[in-house]
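Enquirer: The structure's right below; bear with me while I get my questions together.
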Amino acid sequence: MKKITLFALFLSASVTMSAQEVQGPDGALKVTVSLEDGSPFYQVSYNGTLMLNSSPLGLKTSIGDFSTGLKSIGCQVQTTDETYSLPHAKVSRVHYLANELTCTYLKNNQDTLQIVFRVSNNDIAQIYRLASAKHGYCTINAETTGFHFPVQTTTFITPQAPAGSGWMGTKPSYEEEYTIDQPVGTPSKQKVGYTFPALFHLGNNGWVLLSETGVSSQYVGTRLSEGSSDGLYTIAFPQKGENGEASDTTATAALPLTTSWKTITVGKTLKPIVETTAAYDNVRPLYEPSQVYRPGRATWSWILWQDGSCNYKDQKTFIDLAASLHFEYILIDALWDKQIGYEHMPSLINYAKSKGVGVFLWYNSNGCWNNAPQGPKHHMDTAPARKKEMAWMKLLGVKGIKVDFFGGDKQATMKLYEDILTDANQYGLEVIFHGCTLPRGWERMYPNHISSEAALVSENLVFAQYHADREAQRSTLYPFIRNAFAAMDYGGVFFNKHFSKDGKNGSLRKTTDAFQIATSVLYQSGIQHFGITPNNLSEEPDFILDFIRKVPTVWDETRFIDGYPGKFCIIARRYGEHWYIAGTNATNKPMKLSIDLPWLAKQTVSMIHDNNARTASFSQATTDKSGKLSIEMLPMGGITIFTK
Ligand code: CA
Numbered sequence: 000m001k002k003i004t005l006f007a008l009f010l011s012a013s014v015t016m017s018a019q020e021v022q023g024p025d026g027a028l029k030v031t032v033s034l035e036d037g038s039p040f041y042q043v044s045y046n047g048t049l050m051l052n053s054s055p056l057g058l059k060t061s062i063g064d065f066s067t068g069l070k071s072i073g074c075q076v077q078t079t080d081e082t083y084s085l086p087h088a089k090v091s092r093v094h095y096l097a098n099e100l101t102c103t104y105l106k107n108n109q110d111t112l113q114i115v116f117r118v119s120n121n122d123i124a125q126i127y128r129l130a131s132a133k134h135g136y137c138t139i140n141a142e143t144t145g146f147h148f149p150v151q152t153t154t155f156i157t158p159q160a161p162a163g164s165g166w167m168g169t170k171p172s173y174e175e176e177y178t179i180d181q182p183v184g185t186p187s188k189q190k191v192g193y194t195f196p197a198l199f200h201l202g203n204n205g206w207v208l209l210s211e212t213g214v215s216s217q218y219v220g221t222r223l224s225e226g227s228s229d230g231l232y233t234i235a236f237p238q239k240g241e242n243g244e245a246s247d248t249t250a251t252a253a254l255p256l257t258t259s260w261k262t263i264t265v266g267k268t269l270k271p272i273v274e275t276t277a278a279y280d281n282v283r284p285l286y287e288p289s290q291v292y293r294p295g296r297a298t299w300s301w302i303l304w305q306d307g308s309c310n311y312k313d314q315k316t317f318i319d320l321a322a323s324l325h326f327e328y329i330l331i332d333a334l335w336d337k338q339i340g341y342e343h344m345p346s347l348i349n350y351a352k353s354k355g356v357g358v359f360l361w362y363n364s365n366g367c368w369n370n371a372p373q374g375p376k377h378h379m380d381t382a383p384a385r386k387k388e389m390a391w392m393k394l395l396g397v398k399g400i401k402v403d404f405f406g407g408d409k410q411a412t413m414k415l416y417e418d419i420l421t422d423a424n425q426y427g428l429e430v431i432f433h434g435c436t437l438p439r440g441w442e443r444m445y446p447n448h449i450s451s452e453a454a455l456v457s458e459n460l461v462f463a464q465y466h467a468d469r470e471a472q473r474s475t476l477y478p479f480i481r482n483a484f485a486a487m488d489y490g491g492v493f494f495n496k497h498f499s500k501d502g503k504n505g506s507l508r509k510t511t512d513a514f515q516i517a518t519s520v521l522y523q524s525g526i527q528h529f530g531i532t533p534n535n536l537s538e539e540p541d542f543i544l545d546f547i548r549k550v551p552t553v554w555d556e557t558r559f560i561d562g563y564p565g566k567f568c569i570i571a572r573r574y575g576e577h578w579y580i581a582g583t584n585a586t587n588k589p590m591k592l593s594i595d596l597p598w599l600a601k602q603t604v605s606m607i608h609d610n611n612a613r614t615a616s617f618s619q620a621t622t623d624k625s626g627k628l629s630i631e632m633l634p635m636g637g638i639t640i641f642t643k
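Numbering that gives the first Met the number 0 numbers the first residue of the sequence shown as 0 and each following residue consecutively.
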């Protein structure tokens with residue numbers, strides 16, 4: 000069980016000032032809030048350097064415009080000090096210490112807006128609280144919150160997709176390509192803004208990661224607008240066409256209400272970005288887990304054997320594969336309802352059980368929000384159908400579901416996510432979302448949320464050579480952006496030379512085998528799906544198979560070692576007493592590095608590294624007295640260092 004302690008300390012009396020400051024516990028990160036002609040603004044500095052210029056705040060609502068005409072009635076500062084556990088994430092225990100500034104503003108002498116900033120050493124979390132003496136509920140039509148970067152800032156961001164675009168109208172689903180190191184204000188591919196998380200490079204002054212957390216059925220998932228040429232990005236709401244054009248783009252809730260949290264992670268280096276827990280610090284579990292939910296690894300026939308493999312015989316083969324790799328799970332993907340049939344599922348699930356392998360079943364979220372034809376359909380979109388299906392799964396001993404093809408970020412869709420998670424908990428099911436939104440604090444809010452896709456993931460390696468050519472590059476983006484913020488179900492680790500069943504046709508894999516091993520550590524997902532196929536069991540050396548048989552999917556600790564988004568990435572993770580350090584090289588040149596592992600000084604470590612055949616070799620090395628270790632990665636290669 001999670002142990003939560005929360006205590007707040009009241010530090011200063013209410014004061015009425017036009018500008019108010021709050022800084023993180025170590026004094027480096029500072030937020031200044033001001034009211035100018037009735038409109039609220041804030042700015043952010045780090046070690047005295049301005050990271051965000053004066054940026055707008057406020058809400059536009061059905062009970063008034065709270066971005067203007069405000070009167071300050073006081074500010075308070077208090078301290079939040081909490082230690083909490085995360086059973087399925089990149090870190091297992093977090094000590095969150097932050098100073099909180101709450102500024103209260105009066106509108107029309109009756110309604111109040113509170114603007115809250117919580118500032119820890121490297122993270123800012125901002126939320127609005129709205130209260131009214133007169134109104135019982137209200138609709139938030141817009142947030143006027145902005146992020147005004149210095150003009151020389153460059154961006155590492157993903158465009159939002161137009162509603163109803165993509166395959167069978169399934170977008171937006173957070174499966175767009177990052178643009179790398181572009182000037183602020185560069186128009187996005189689709190001209191409809193950007194999705195969270197979003198990374199900004201302020202040259203020598205450091206890095207900022209923007210994101211959002213705490214989105215439940217009570218709010219919408221927001222995003223960033225197109226940027227202005229002078230570096231201003233503002234909060235945007237869902238597009239009208241999302242969710243099959245049904246339901247509102249706005250958020251309606253009972254008063255008093257709170258919005259989602261917007262998070263701003265700030266660092267001189269990328270260390271605070273890689274190690275941030277901003278998604279989790281200010282959210283709370285919305286229910287107790289009905290049981291212990293086990294993380295683990297899964298075989299997945301669909302990724303290389305595709306649709307045709309979702310039959311009884313092939314699934315049995317992948318259950319056997321999972322058993323021989325000591326994996327906890329198998330994912331049976333789309334079309335099992337037709338190609339296996341409900342009547343044959345009990346014996347297949349029993350077979351998996353006899354091999355010690357838990358079963359995840361794929362479902363279509365539809366519904367009416369897109370034209371995705373894969374079944375099973377219409378089992379997750381209404382409560383009666385969902386509960387009936389989940390009761391059937393519980394009876395058979397199914398361990399979890401993967402639900403795909405959602406409708407966007409409207410409040411109606413956020414409610415569907417919450418309802419699926421809540422019902423699944425009642426039936427003891429873990430949940431993975433695909434074709435979905437960014438999980439915004441969900442690993443903590445919903446204890447059975449185990450992972451989400453929300454990225455341009457491994458299926459694209461199969462779909463097109465264009466993506467296979469960029470596999471290495473993306474491995475050096477996700478750990479600094481998407482996967483730094485939340486679990487990401489990438490579905491990697493391939494040994495077939497081509498991304499196909501026979502390994503001879505289809506797109507060519509450009510990365511090395513050592514690269515593939517490294518991604519099992521570099522990417523974090525409570526359940527990690529592997530692209531391994533049965534032929535790999537006889538084709539791969541024992542040291543690779545032994546590594547895969549043991550590699551964890553959740554971690555006690557995660558540390559940034561080195562890297563630059565789009566070029567290379569090295570991250571260390573700890574599980575119990577075991578350290579795993581993984582690196583990938585996205586450049587077209589071999590990379591020799593000396594990495595610092597001071598906590599492993601003078602220790603002998605194992606390494607799975609590149610060789611000239613672009614497969615993988617195993618060797619051992621000893622770090623020097625300060626913990627330095629020389630490593631080498633081939634172009635589109637990688638390395639994994641681990642302790643016994
Ligand atoms: Ca997908």
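The C-beta atom is built at its ideal place from N, Cα and C for all residues, glycine as well.
These numbers were taken from a predicted model, which means no experiment stands behind them.
Give the DSSP bridge partners of Y563, in chain order.
Expert: Translated into positions along the sequence shown, residue 563 becomes position 564. Per DSSP, F567.
Enquirer: Taking 6 Å as the cut-off, is the C-beta of G434 nearer than that to any heavy atom in ligand 3?
Expert: Ligands displayed in this structure: ligand 1; ligand 3 is not among them.
Enquirer: For L313, tell me which candidate among T298, Q113, F493 and D408 has the shortest Cα-Cα distance.
Expert: As a working note, residue 313 is residue 314 in the sequence shown. Here residue 313 turns out to be Asp, not Leu, going by the sequence shown. The candidate whose alpha carbon is nearest that of D313 is T298.
Enquirer: Quick check: is any heavy atom of ligand 1 less than 6 Å from the C-beta of E452?
Expert: On the sequence shown, residue 452 is found 453 positions in, with the first residue counted as 1. Indeed, a heavy atom of ligand 1 lies less than 6 Å from the Cβ.
Enquirer: From what residue to what residue does the alpha helix (DSSP H) around D545 run?
Expert: Along the sequence shown, one-based indexing puts residue 545 at 546. From DSSP, the alpha helix (DSSP H) with D545 extends over D541 to K549.
Enquirer: Pick helix, strand or coil for T421, following the three-state DSSP scheme.
Expert: By one-based count along the sequence shown, residue 421 stands at place 422. Helix, per DSSP.
Enquirer: Counting along the chain, where does the alpha helix (DSSP H) carrying Y311 start and finish?
Expert: Within the sequence shown, numbered from 1, the residue matching residue 311 stands at position 312. First-last of the alpha helix (DSSP H) with Y311: Y311 to S323.
Enquirer: For T233, which three-state DSSP category applies?
Expert: Start at 1 with the first residue of the sequence shown, and residue 233 comes out as number 234. In this structure, T233 counts as strand in the three-state DSSP scheme.
Enquirer: Tell me the rounded alpha-carbon separation between K398 and V291.
Expert: For this step, residue 398 is matched to residue 399 along the sequence shown. For this step, residue 291 is matched to residue 292 along the sequence shown. Taking the straight line joining both Cα atoms gives about 11 Å.
Enquirer: Look up F529 in the DSSP assignment and give the residues it is bridged to.
Expert: Here the question's residue 529 lines up with position 530 in the sequence shown. DSSP output for F529 lists T298 as bridge partner(s).
Enquirer: Measure the beta-carbon distance from A278 to G23 and round it to whole angstroms, keeping in mind my assumption that it falls under 8 Å.
Expert: As a working note, residue 278 is residue 279 in the sequence shown. As a working note, residue 23 is residue 24 in the sequence shown. Actually they do not touch by this definition, with Cβ atoms about 18 Å apart.
Enquirer: Between which two residues does the alpha helix (DSSP H) harbouring D512 extend?
Expert: As a position in the sequence shown, residue 512 is number 513, starting the count at 1. Its alpha helix (DSSP H) spans residues D512 to L521.
Enquirer: Report yes if the C-beta distance between P634 and C568 is below 7 Å; otherwise report no.
Expert: For the purposes of this step, residue 634 is taken as the residue at position 635 of the sequence shown. For the purposes of this step, residue 568 is taken as the residue at position 569 of the sequence shown. Not closer than 7 Å, so no.
Enquirer: So is Y286 buried or exposed if we call it buried at 16+ other beta carbons inside 10 Å?
Expert: Numbered from 1 along the sequence shown, position 287 holds the residue referred to as residue 286. That one is exposed.
Enquirer: List the whole-angstrom C-beta distance separating C102 from S131, where the pair is believed to meet the contact cut-off of C-beta under 8 Å.
Expert: Taking the first residue of the sequence shown as position 1, residue 102 is located at position 103. Taking the first residue of the sequence shown as position 1, residue 131 is located at position 132. 18 Å between Cβ atoms; not a contact.
Enquirer: Quick check on L330: buried or exposed, where buried means 16 or more other Cβ atoms within 10 Å of its Cβ?
Expert: On the sequence shown, residue 330 is found 331 positions in, with the first residue counted as 1. It is buried - the Cβ of L330 has at least 16 other Cβ atoms within 10 Å.
Enquirer: Over what stretch of residues does the alpha helix (DSSP H) that includes I272 continue unbroken?
Expert: Walking along the sequence shown from the start, residue 272 turns up at place 273. Looking at the DSSP string, the run of the alpha helix (DSSP H) that includes I272 is K270 to V273.
Enquirer: R117 and A97 - do their beta-carbons sit closer together than 7 Å?
Expert: As a first step, residue 97 must be located in the sequence shown, where it is residue number 98. As a first step, residue 117 must be located in the sequence shown, where it is residue number 118. Yes; because the gap between Cβ atoms is below 7 Å, this pair is in contact.
Enquirer: Rank I234, I179 and Y173 by C-alpha distance to the C-alpha of I126 and give the top, closest one.
Expert: Locating residue 126 in the sequence shown gives position 127, where the first residue counts as 1. Ranking I234, I179 and Y173 by Cα distance to I126 puts I234 first.
Enquirer: Using 10 angstroms around the beta-carbon of A7, count the other beta-carbons present and answer buried if the total reaches 16, otherwise exposed.
Expert: Here residue 7 refers to the residue found at position 8 of the sequence shown. Since pLDDT at A7 reaches only 37, below the 50 mark, its modelled position is unreliable, and the value read off the structure follows with that caveat. Flag for A7 reads exposed.
Enquirer: State the start and end residues of the unbroken alpha helix (DSSP H) segment that holds M167.
Expert: Start at 1 with the first residue of the sequence shown, and residue 167 comes out as number 168. Taken as a continuous stretch (DSSP letters only), M167 belongs to no alpha helix (DSSP H), as it is neither H nor E.
Enquirer: How long is the line joining the alpha carbons of W260 and R613, rounded to whole angstroms?
Expert: Position 261 of the sequence shown, counting from 1, holds the residue named residue 260. Position 614 of the sequence shown, counting from 1, holds the residue named residue 613. Distance between the alpha carbons of W260 and R613: 45 Å.
Enquirer: Taking contact to mean at least 3 C-beta pairs separated by less than 8 Å, is the region 474–491 in contact with the region 609–627?
Expert: Too few Cβ pairs lie closer than 8 Å, so no.
Enquirer: Do L324 and R508 have their CB atoms nearer than 7 Å?
Expert: Locating residue 324 in the sequence shown gives position 325, counting from the first residue. Locating residue 508 in the sequence shown gives position 509, counting from the first residue. In this structure, R508 does not lie closer than 7 Å to L324 by Cβ.
Enquirer: Three Cβ pairs or more, each shorter than 8 Å: is that satisfied between the region 591–605 and the region 556–572?
Expert: Yes, they touch.
Enquirer: Comparing C-alpha positions only, which one of V273, M606 and F195 sits nearest to P438?
Expert: Residue numbering aside, residue 438 sits at position 439 when the sequence shown is read from its first letter. It is F195 whose Cα lies nearest to the Cα of P438.
Enquirer: For H94, count neighbouring C-beta atoms within 10 Å of its own C-beta (all shown protein chains included) and say buried if the count is 16 or more, exposed if not.
Expert: Along the sequence shown, read from residue 1 onward, the residue named residue 94 stands at position 95. Its Cβ having fewer than 16 others within 10 Å, H94 is exposed.
Enquirer: Please state the DSSP three-state secondary structure of T111.
Expert: Taking the first residue of the sequence shown as 1, we reach residue 111 at position 112. T111: strand per DSSP, three-state reduction.
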